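Everything below concerns the one structure shown next.
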Amino acid sequence: MLYTEQAPSAWFSFALCGLVGIITAYAFVWISKYYTDYKYEPVRSLALASSTGHGTNIIAGVSLGLESTALPVLIISVAIVSAFWLGGLFGTAVATMGMLSTAGYVLTMDMFGPIADNAGGIVEMSQQPESVREITDVLDAVGNTTKATTKGFAIGSAALASFLLFSAYMDEVSTFAQEPLTQVTTNVQIFVGGLLGSMLIFLFSAWACSAVGKTAQEVVNEVRRQFIERPGIMEYKEKPDYGRCVAIVASASLREMIKPGALAIISPMVVGQPLLGAKVVAAMLMFATVSGILMALFLNTAGGAWDNAKKYIETGVLGGKGSDCHKAAVTGDTVGDPFKDTAGPSLHVLIKMLATITLVMAPIFL
């Protein structure tokens, strides 16, 4: 396949496709690092915005997240066009494999973040000296950056994979319908399918963030109850019931994901029934993929930037830990946690799931 008499240089084109994927992976990692590492201007500007209050911190964080979508979209657009021009659909698949060839390195970076974060938690719970906590704080800040870069990589690979799955869906529908689906139609139902696909992303994100908020309220109420019923906790004479808080979080993490999970599975089947049809599902899938990529980039980057803006202030700048600036940064970090740890990472899974479900269920949409 890679060398034929009709196309003796095909192997070189496919090699370039793989190189495109590798460069795309590196570009995504670098862009995510730029927007979430406090060594660079975006996070430092966000920390400075915290000095004027909680509201300006939120505004600056949201604007940073929105801005951070531009470069990754340009990169992924150039990658798809370049790979398709070099090798067609198979070239795009090779580019995807090239991007995924760095998965071992990316997984290593992804694991570093939780390890450093939990090490800091253990240090704080065991009441280690402040010097130890300072070291784990630096590691935690690095971990936040590595987690953000791996999430950017994940959404980039999801974009390439979704393009392939969308093409496979169109081919399967064409095969079963025995007619090519290559023309763009202006049918009102196609427009409705696009609206439904975009809405699906926002509704899924809303339910994911809402799940975090509801669970946090349950944990806060439980902690307050323990403080009232067991006053010795505040005086270090009595141990809190940690197990109860863990049970609340574990139970809620399963319970609150029922609605978002059902939405992802059921919506393509409902939209794809003969009343609307395969073309409407194609529009829904395309718009959901585009909206999901943008939303995931925004959520992941904004959340990581808020977290590291707080870490930057805790290094001693702008008043340091305990200052009004730090309190505003903590508010931003609290808002950013469900962004970067819940809704954002789950969106690339949703994008792939939608593409897979529509591909498998394509025959019943005709």
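If you number the sequence shown the way the numbering used here does, the last residue is 975 and the count never jumps. Where is the CB? At the ideal position from N, CA and C, for every residue including glycine. A quick note: this is a predicted structure, and the numbers were derived from the prediction, not measured.
>> Just verifying my parser: in three-state terms, what is the DSSP assignment at Glu847?
In response: coil
> To which residues of the same chain is Ala892 closer than 6 Å at the C-beta, ignoring the five residues directly before and after it?
Replying inline: Ile799, Gly802 and Gly803
>> Relative to the C-alpha of Leu774, which candidate in Pro972, Ile973 and Thr967 has its C-alpha closest?
In response: Thr967
> Could you give the C-beta distance for Ala861 and Glu827, rounded to a whole number, given that I count them as a contact under 8 Å?
Replying inline: 7 Å
> Using the C-alpha atoms, what's the distance from Thr784 back to Val858?
Replying inline: 47 Å
> Under the three-state reduction of DSSP, which class applies to Lys888: helix, strand or coil?
Replying inline: helix
> Considering only C-alpha positions, which residue in the set Gly931, Ala767 and Leu812 is nearest to His957?
Replying inline: Ala767
> Can you list, in chain order, the residues of its chain whose CB lies under 8 Å from that of Val741, leaving out five sequence neighbours each side?
Replying inline: Val732
> Would Asn727 be called buried (16 or more neighbouring beta carbons within 10 Å of its own) or exposed?
Replying inline: exposed
> Met578 lies in the alpha helix (DSSP H); which residues open and close that run?
Replying inline: For residue 578 there is no data in the structure shown, the boundaries of the chain being 610 and 975.
> Can you tell me whether Met734 is buried or exposed, with buried defined as 16 or more other CB within 10 angstroms of its CB?
Replying inline: exposed
>> Taking 7 Å as the limit between beta carbons, can you name the residues of its chain near Leu963, skipping five residues before and five after?
In response: Ala873, Pro877, Leu894 and Ala897
> Thinking C-beta only, is Met708 closer than 8 Å to Ile631?
Replying inline: yes
> Alpha carbon to alpha carbon, how far is Ala937 from Pro849?
Replying inline: 28 Å
> Quick one: what's got a C-beta closer than 8 Å to Ala725's C-beta in the same chain, skipping five residues either side?
Replying inline: Thr745, Leu748, Asp749, Val751 and Gly752
> How about Ile977 and Ser654: do their beta carbons lie closer than 8 Å?
Replying inline: Residue coverage of the chain in this structure runs from 610 to 975, which leaves residue 977 outside it and unanswerable.
> Three or more C-beta pairs closer than 8 Å, one from the stretch 669 to 682 and one from the stretch 905 to 923: is that the case here?
Replying inline: yes
> Does the beta-carbon of Glu650 have 16 or more other beta-carbons within 10 angstroms, so that it is buried, or is it exposed?
Replying inline: exposed
>> So, for Ile960: in the same chain, excluding its five sequence neighbours on each side, which residues have a beta-carbon less than 6 Å away from its beta-carbon?
In response: Ala767, Ser771, Thr898 and Gly901
> When we look at the beta-carbon of Gly713 and count the other beta-carbons within 10 Å, is it buried (16 or more) or exposed?
Replying inline: exposed
> Just to confirm, are Lys919 and Val939 a CB contact at a threshold of 8 Å?
Replying inline: yes
>> My parser needs the alpha helix (DSSP H) runs of 4 or more residues fully inside the stretch 629 to 665; what are they?
In response: 650 to 658
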